[in-house]
Amino acid sequence: MISKNLREEVHNCIKCGICLTPCPVYKQRLVEVASPRGKVQLIRNIMEGNLELSENFVRILFTCLLCETCTVNCPSGLKVDQLMKAMRVKVIEKFGLPGKKKFLFELLTGKRLLPFYLFWGRVLRNNLLPLFPVKGKVGTIPLKKFPRLNRQPFLKKIPEVISVPEPKGRVLYFTGCATNYLDGEIGRATIEILVRLGVEVIVPKDQMCCGLPIFLAGAPKMALPNILKNVALFNRWDVDVVVVECATCGAALKKEYPHFLKEMGEKTEEAMALSQKVLDISQYLMKFDLGKMLKPIKGKVTYHDPCHLLRSQGVKDEPRALLRQIPELDFVEMAEADVCCGGGGTFQWEHPRISENITAQKIESIEKTKANFVATGCPGCRLQIFGNLKKDGVEVIHPVQLIFRSLSG
Amino acid sequence: MLTEKILHEFETILGKERILTSKEDLLSYAYDAYVEEYLPEAVLFPKTSAEVSQIMQVASTHRIFVTPRGAGSGLAACSLAKQGGVILCFTMMNRILEINKPNRYAIVEPGVVVSEFQKEVEKIGLFYPPDPGSATVATMGGTVLMNAGGMRGIKYGVTRDYLMGLQGVLPSGEVIQTGSLTAKDVTGYDLTRLICGSEGTLAVVTRITVRLLPKPKARRTLQAIYNTIDQAGNTVARIVEEGIIPATLELMDKMIIKALEDYAHLGLPLDAEAVLLIEVDGDPESVEKQAGIIAEFCRGQGARDVRVSQSEKESEQLWMARRGAFGAVARMRPTCVIEDATVPVSFLTRAIKEVITIAQRNQVQIAVLAHAGDGNLHPLVLCDLRDKEEMKRVEKAMDEIVDFAMSVGGVLSGEHGIGIAKAKYLPRQLSPQTLNLMRTLKNTFDPLGILNPGSFLECAP
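So the sequences go chain by chain: A and B. Those letters in the first sequence? Residues 3 to 411, per the working numbering, in order. Those letters in the second sequence? Residues 186 to 646, per the working numbering, in order.
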């Protein structure tokens, strides 16, 4: 499963250790196996036959947020995250998915197609609760802080094609599960903004969970049907751009699909073509002159960089620039805005203690800014940050929601 | 041999959580940034001097080998369990205990990361100058035991020059204090400086008192680009001669330039043969003046382009890239062995040319990086550990570099340490009498020979 190229990566690690200090997990645990260098060296030992694939190794491998901080910091240019992802697939082949995750992902890809967030949102509130950690928390997040579900999936409420007279553009909008099942508001804001800018929006009804959470857990075979269906679907529509407002979905479509498919021996041309059309919503909106249309919002906003937006997609300036356009809204940069919030998909659920400490630092940075709004384009980050905020009165929000409010006045 | 019973004794001191023995854990403490690896039998994580003292007592009683370790960014296997035994890892003993502004000193535990300490003191206008390339990883304890140098050596010296005192634990478990909190102190032998740079063979450091300077009010980075190494070398000589002391004076050759471009995209010209990266610091007026004079020198020696950084951020990017040079160069080949020979600064240009000739003669790829201002060469030998034949040629090239350095009054290592990497050359620099005296000292501190066994003195012929 690990391609020849990736196998060669382990020999390029010169063990300099520059990846240690920036790694949020290492910073908490301070033991070498928690560091990217440690994990890469263990993978090398496995490849060289000095180490068996053990359950302990699996635990080590999954004690990683996949935030990609190591990858961007590695002077040798090692694709650390790709190596870890490929290795996860290999260990899951041997050990299988842990029960809880298997259940989760079956829901996500199964016939009834209950996606990720539907699961988090609904199932946790009722009789399946005993499956999960106790004390009224899932991982680090108190149950009462889980968002409510959309009454009806967002995709069911809107037409597939939203036309405008004399369109200035034609985009396909990939909503992602979070918007579809949890944050319909974000979907509504996205579409409204696009329509006001004179852009025709297509929201394919049969789009599926992007599959990234499943793939990252090491179960690519489960994710493959979703990926293939999504790729085929997008190429059916003739659009200029595919916009995504979820950092993770964006990373999947823009970057990960071609890798996944290649690693799995599937064709990659269509996925490559798709990846070149994908833009994060903030990138797309910056192409327009929104400034004149915006009305003041009083207060302070700070921005948190989602790993899947900053490091996977390289989007840093656009969301900030977008927020800075809003009249009277004071933009305050938080300390270490680019450090992972500690959520890491299912990481916070599997490693609540480590996650809690990482998140505590994020919360501290946020509180120091005295902001009323924390804007971030990732549903996982929003859940993690909102779930751990101690103070009331801070709104955790997607940048498009603020733009929409400002547009509406 | 580490038995269950002895492990249990360690457990009563540290608890189960701070002792690692799984195969995965041991393998990940078998390396540092050097090429060789040695598997320890257990890894212990103390948090207090008292715990260290108790651990050393148990180790002495049972004659268990103990090797101290920081973050493992060293380049000579100094922190590896070369003869088995336990690794005493200090990453969890990482508090900054005091930063004293009126008396300009700070007291830290050994596991504090150097760059994090630097940031903390700079917040209140103070300055800790030792700045090894690995500052973002390396721990204070590690840099003390290795007497780490770094890029600011020419103006500010090395770790040794900032140590006021240490708390250490002897192999017997006895706790000692060296030095003091005063700027002047001539009481007795200078044990602080003896332990500093001892590569963890004399005592384990559990508390470090360092001298701080006021933070320079301004700094500027200059980047000069040359068509020949000679021109760059001559500029260095001119600057040193003229009595200007820049904070850093780094030289990079063609291969390094290419690697840094691939990694950080700084806009360096790929056809240049050498780049000098120079930082000046001090009061704003003197910084401006010095930067101007240095820029003139650079042009006078034929620099084709001299750029002065316009902002702190721009300087930072340049130095970040320079910090990654070791790794960036490693993109070219899987293995990178760093030489560290140092020559009197007037021999620098000759030494660099000699290294290039040696590389050609032995058909080995060598990129040259140098802390030019202090004559500290860092030839980076690019190779593949898996290619035995190539590694033989690498070794021969290294021998020849050492030969040259010795012939002009240079030293084996400027800052990386001897470890096992250079032990075989030791008699080239140290006389039998000196080596003997060092061995006697080692024996006085560690009569049972349990602290960091297999280190330079034992490996030396």
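All C-beta atoms, glycine included, are put in the ideal place defined by N, C-alpha and C.
Residue-level contact to chain A via CB, residue i, 7 angstroms cutoff
i                 : result
Glu497 of chain B : no
Ser213 of chain B : yes
Ser207 of chain B : yes
Phe312 of chain B : no
Ala256 of chain B : yes
Tyr448 of chain B : yes
Asp525 of chain B : no
Tyr341 of chain B : no
Tyr223 of chain B : no
Met278 of chain B : no
Tyr610 of chain B : no
Thr391 of chain B : no
Asp126 of chain B : Residue 126 of chain B lies beyond the range of chain B shown here (186 to 646); nothing can be said about it.
Val322 of chain B : yes
Tyr411 of chain B : no
Ala227 of chain B : no
Ala552 of chain B : no
6 angstroms Cβ shell around residue i - same chain, five flanking residues per side excluded
i                 : result
Gly558 of chain B : Ile339, Leu434
Gln550 of chain B : Leu567
Val125 of chain A : Low confidence applies to Val125 of chain A: its pLDDT is 46, below 50, so where it sits in the model is not reliable enough to give any reading.
Ile143 of chain A : Gly389
Ala88 of chain A  : Ile4, Leu8
Gly213 of chain A : Ala225, Asn228, Ile229
Arg322 of chain A : Tyr305
Pro354 of chain A : Gly141, Thr142
Cβ-based burial, residue i [other Cβ within 10 Å; buried from 16]
i                 : result
Arg248 of chain B : exposed
Thr192 of chain A : buried
Lys267 of chain B : buried
His193 of chain B : exposed
His450 of chain B : exposed
Val163 of chain A : exposed
Gln486 of chain B : buried
Lys498 of chain B : exposed
Gly165 of chain A : Gly is not the amino acid found at residue 165 of chain A; the sequence shown has Ser there. The residue in question, Ser165 of chain A, is exposed, as its Cβ has fewer than 16 Cβ neighbours within 10 Å.
Arg238 of chain A : exposed
Leu398 of chain B : exposed
Thr188 of chain B : exposed
Ser616 of chain B : exposed
Tyr610 of chain B : buried
Tyr119 of chain A : With a pLDDT of only 46 at Tyr119 of chain A, under 50, the local geometry of the prediction cannot be trusted, and no value is derived from it.
CB contact below 7 angstroms: residue i versus chain B
i                 : result
Gly316 of chain A : no
Gly344 of chain A : no
Gln30 of chain A  : no
Glu34 of chain A  : yes
Cutoff 7 angstroms; reference residue i; Cβ partners in own chain excluding five residues on either side
i                 : result
Met266 of chain A : Pro222, Leu226
Val280 of chain A : Val244, Val246, Gly252, Leu255, Lys256
Lys139 of chain A : Leu145
Lys194 of chain A : The question names Lys, but residue 194 of chain A in the sequence shown is Glu. Phe406, listed in sequence order.
Ile45 of chain A  : Val12, Leu85, Met89
Heavy atom of the ligand MG within 6 angstroms of residue i beta-carbon
i                 : result
Thr192 of chain A : Because no ligand of any kind appears in the structure shown, any question about the ligand MG cannot be addressed here.
Other residues of its chain near residue i: CB distance less than 8 angstroms, five sequence neighbours each side excluded
i                 : result
Ala262 of chain B : Asp217, Tyr219, Glu221, Tyr223, Gly604, Ile605, Ala606
Leu324 of chain A : Ser284, Leu287, Met288, Leu292, Pro401, Ile405
Phe195 of chain B : Ile204, Ala227, Leu229, Ile240, Val243, Val271
Pro26 of chain A  : Leu67, Cys69, Thr71, Val341, Cys342, Gly344, Ile360
| Contact set between the segment 290–306 of chain B and chain A, restricted to residues whose Cβ is under 7 angstroms from the partner | Residues passing the 7 angstroms Cβ filter: Val298.
| Which of the residues in the segment 417–445 of chain B, read from start to end, lie with their CB under 8 angstroms from any CB of chain A? | Per Cβ criterion, the list is empty.
| message | By the 8 angstroms beta-carbon criterion, what residues does the segment 55–80 of chain A contribute toward chain B? | response | Along the segment 55–80 of chain A, going in chain order, the ones with a CB nearer than 8 angstroms to a CB of chain B are Ser56, Asn58, Phe59, Ile62, Cys76, Pro77, Ser78, Gly79.
| Minimum length 3: unbroken beta strand (DSSP E) runs contained in the segment 377–452 of chain B | Counting whole runs of 3 or more residues, the segment 377–452 of chain B contains the beta strand (DSSP E) stretches 389–396, 403–411, 433–438.
| Between the segment 11–23 of chain A and chain B, which residues of the former have a C-beta closer than 7 angstroms to a C-beta of the latter? | If the cut-off is 7 angstroms between Cβ atoms, the segment 11–23 of chain A has His13, Asn14, Ile16, Lys17, Cys18, Gly19, Ile20, Leu22, Thr23 near chain B.
| task | Pick out the complete beta strand (DSSP E) segments inside the segment 319–374 of chain B, 3 residues or longer, and give them in chain order. | result | Every beta strand (DSSP E) of 3 residues or more that sits fully in the segment 319–374 of chain B is shown, in chain order, as 348–354, 360–364.
| request: For the segment 506–523 of chain B, enumerate the residues whose C-beta is nearer than 9 angstroms to any C-beta of chain A, in chain order. | output: The segment 506–523 of chain B vs chain A, Cβ under 9 angstroms: Ala506, Arg508, Gly509, Ala510, Phe511, Gly512, Ala513, Val514, Ala515, Arg516, Arg518, Pro519, Thr520, Cys521.
| task | Taking a Cβ distance cut-off of 8 angstroms, strictly less, list which residues of the segment 462–496 of chain B are near chain A, in chain order. | result | Those residues of the segment 462–496 of chain B that come within reach of chain A (Cβ to Cβ, closer than 8 angstroms) do not exist; the list is empty.
| request: Closer than 9 angstroms, Cβ to Cβ, to anything on chain B: give me those residues from the segment 35–49 of chain A, in chain order. | output: So the close ones are Val35, Ser37, Arg39, Gly40, Lys41, Gln43, Leu44, Asn47.
| query | Which whole runs of the beta strand (DSSP E) in the segment 199–287 of chain A are 3 residues long or more, in chain order? | reply | For the segment 199–287 of chain A, whole beta strand (DSSP E) runs of length 3 or above, ordered along the chain, are 201–204, 243–246, 280–282.
| message | If the cut-off is 7 angstroms on Cβ atoms, which residues from the segment 306–333 of chain A count as contacting chain B, listed in chain order? | response | Within the segment 306–333 of chain A, no residue has a Cβ that lies closer than 7 angstroms to any Cβ of chain B.
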